[in-house]
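J.:
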Amino acid sequence: MSSFQLKTLACIFMLIDHMGTIIFPQYILFRIIGRLAFPIFAWMITIGYEHTTNPINYMKRLGVFAVISQVPFSLAFGYKELNIFFTLFLGFINIYYYNKIEERKKRIFILIVFIILSTILNTDYSAYGILTIFFFYKYRDDFKEMVKYQGILNIYLVASCALVLFLNRKAINLDIFLQTVSLTSLFLIKKYNGQKGKNIKYAFYAFYPIHLIVLYVIKNKWL
Numbered sequence: 001m002s003s004f005q006l007k008t009l010a011c012i013f014m015l016i017d018h019m020g021t022i023i024f025p026q027y028i029l030f031r032i033i034g035r036l037a038f039p040i041f042a043w044m045i046t047i048g049y050e051h052t053t054n055p056i057n058y059m060k061r062l063g064v065f066a067v068i069s070q071v072p073f074s075l076a077f078g079y080k081e082l083n084i085f086f087t088l089f090l091g092f093i094n095i096y097y098y099n100k101i102e103e104r105k106k107r108i109f110i111l112i113v114f115i116i117l118s119t120i121l122n123t124d125y126s127a128y129g130i131l132t133i134f135f136f137y138k139y140r141d142d143f144k145e146m147v148k149y150q151g152i153l154n155i156y157l158v159a160s161c162a163l164v165l166f167l168n169r170k171a172i173n174l175d176i177f178l179q180t181v182s183l184t185s186l187f188l189i190k191k192y193n194g195q196k197g198k199n200i201k202y203a204f205y206a207f208y209p210i211h212l213i214v215l216y217v218i219k220n221k222w223l
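Counting in full-length UniProt numbering, the sequence shown runs from 1 upward without gaps.
1. Output needed for Ile152: all residues of its chain with C-beta closer than 8 Å, excluding positions within five of it in sequence on either side, in chain order.
2. I think Thr87 touches Thr123, with their Cβ atoms under 8 Å apart; what is that distance to the nearest whole Å?
3. I'd like to confirm the pairing. Which residues does DSSP put opposite residue 239 in its beta bridges?
4. Could you tell me if Trp222 is buried or exposed, where buried requires 16 or more neighbouring beta carbons within 10 angstroms of its beta carbon?
5. Cα separation between Ala76 and Val214?
6. Looking at C-alpha atoms only, which residue of Phe143, Val217, Lys201 is the closest neighbour of Leu62?
7. Less than 8 Å separating the beta-carbons of Met14 and Ala37?
8. Tell me the rounded alpha-carbon separation between Ile101 and Leu82.
9. Enumerate, from N- to C-terminal direction, the unbroken alpha helix (DSSP H) stretches of 4 or more residues contained entirely within the stretch 6 to 37.
10. Can you list, in chain order, the residues of its chain with a C-beta nearer than 7 Å to that of Ala127? Leave out the 5 residues immediately preceding and following it.
11. Check the C-beta distance from Ile40 over to Leu9 and give it rounded, since I have them as a contact under 8 Å.
12. So, are the CB atoms of Ile47 and Ser3 less than 8 Å apart?
13. Excluding sequence positions up to five away, which residues of its chain have a Cβ less than 6 Å from the Cβ of Ser182?
14. Is it buried or exposed for Ala203, if we count other Cβ within 10 angstroms and need 16 for buried?
15. Report yes if the C-beta of Phe85 is less than 7 Å from at least one heavy atom of the ligand FMN; otherwise report no.
16. So, is Lys7 buried or exposed, given that buried needs 16 or more other C-beta atoms within 10 angstroms?
17. Reducing DSSP to helix, strand and coil, say where Lys100 ends up.
18. At what residue ranges does the stretch 161 to 222 contain a whole run of the alpha helix (DSSP H), taking only runs of 4 or more?
Following this line, the structure appears as structure tokens:
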């Protein structure tokens, strides 16, 4: 699969997920399918970094769309957290510095800084998102290691959520347990053939805020 095909699939999965959250919350299947979206977007960030000739411009683009998308995101979901573009933005900066710094301790420190920052800012997917992008980049040429670390992340996520749920049933969203389904997206990622495909990158960026606005209007005007 080319980058274009993977991004298209990710957008479809994301649209289904958001339809399930905003319009059809009674149908859990929408949310299950939606779990496939984020890992593909995370993979595209690592591939984007690897192929870009200007990482600073790439960062700026992610940052600009993060800001543009925040109002549609807040309107559509009513969340106080920051949208997924902020997570992708921070994840991209982290792998940028990972490549700039050679000392292992400093690399670990930078990773921890971005994990904490994503948690404090309450970005979508937060620390889980930062680590997914990082491990995808670090093991981009070793599919088995990618699967292993993504599995570890999901086990940790479920275990920590189970603990919080045990301590306070009202403190957590049970949808988090569905995230384990995201592991199946790795088999789509494995089919990536290194080809770019059609070049309509701004269309993919714009799709995020636009589809949120459309879903918000549908929910509030016609439902």
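From the three backbone atoms N, C-alpha and C, an ideal C-beta is built for every residue, glycine too.
T.: The short version:
1. Translated into positions along the sequence shown, residue 152 becomes position 152. Closer than 8 Å at the Cβ level, and outside the excluded window around Ile152, lies no residue.
2. Along the sequence shown, one-based indexing puts residue 87 at 87. Along the sequence shown, one-based indexing puts residue 123 at 123. Contact flag correct, Cβ pair sits at about 4 Å.
3. Given that the chain is displayed from residue 1 to residue 223, the structure contains no residue 239 and the question cannot be resolved.
4. Working through the sequence shown from its first residue, we reach residue 222 at position 222. Burial call: exposed.
5. Position 76 of the sequence shown, counting from 1, holds the residue named residue 76. Position 214 of the sequence shown, counting from 1, holds the residue named residue 214. Looking at the two C-alpha atoms, the distance is approximately 9 Å.
6. Within the sequence shown, numbered from 1, the residue matching residue 62 stands at position 62. Of the listed residues, the one whose Cα sits closest to Leu62 is Lys201.
7. Position 14 of the sequence shown holds residue 14. Position 37 of the sequence shown holds residue 37. A contact, by the Cβ cut-off of 8 Å.
8. What you label residue 101 is simply residue 101 of the sequence shown in a count that begins at 1. What you label residue 82 is simply residue 82 of the sequence shown in a count that begins at 1. The straight-line gap from Cα to Cα measures roughly 28 Å.
9. 28 to 34
10. The residue you call residue 127 lines up with position 127 of the sequence shown. Only Ile115, Ser118, Thr119 meet the Cβ criterion.
11. Position 40 of the sequence shown holds residue 40. Position 9 of the sequence shown holds residue 9. About 6 Å; that satisfies the 8 Å criterion.
12. For this step, residue 47 is matched to residue 47 along the sequence shown. For this step, residue 3 is matched to residue 3 along the sequence shown. With respect to the 8 Å criterion, Ile47 and Ser3 are classified as neighbours on the basis of their beta carbons.
13. Taking the sequence shown and counting its residues from 1, one reaches residue 182 at position 182. Non-local C-beta neighbours of Ser182 in its own chain, meaning closer than 6 Å and more than five positions away in sequence, comprise Arg35, Pro39, ordered along the chain.
14. Residue numbering aside, residue 203 sits at position 203 when the sequence shown is read from its first letter. The residue is exposed, with fewer than 16 neighbouring Cβ atoms inside 10 Å.
15. Here there are no bound small molecules, and the ligand FMN is not part of this structure.
16. One-based indexing of the sequence shown puts residue 7 at position 7. So Lys7 ends up on the buried side.
17. Along the sequence shown, one-based indexing puts residue 100 at 100. It is helical.
18. Here the runs fully enclosed are 186 to 189, 201 to 217.
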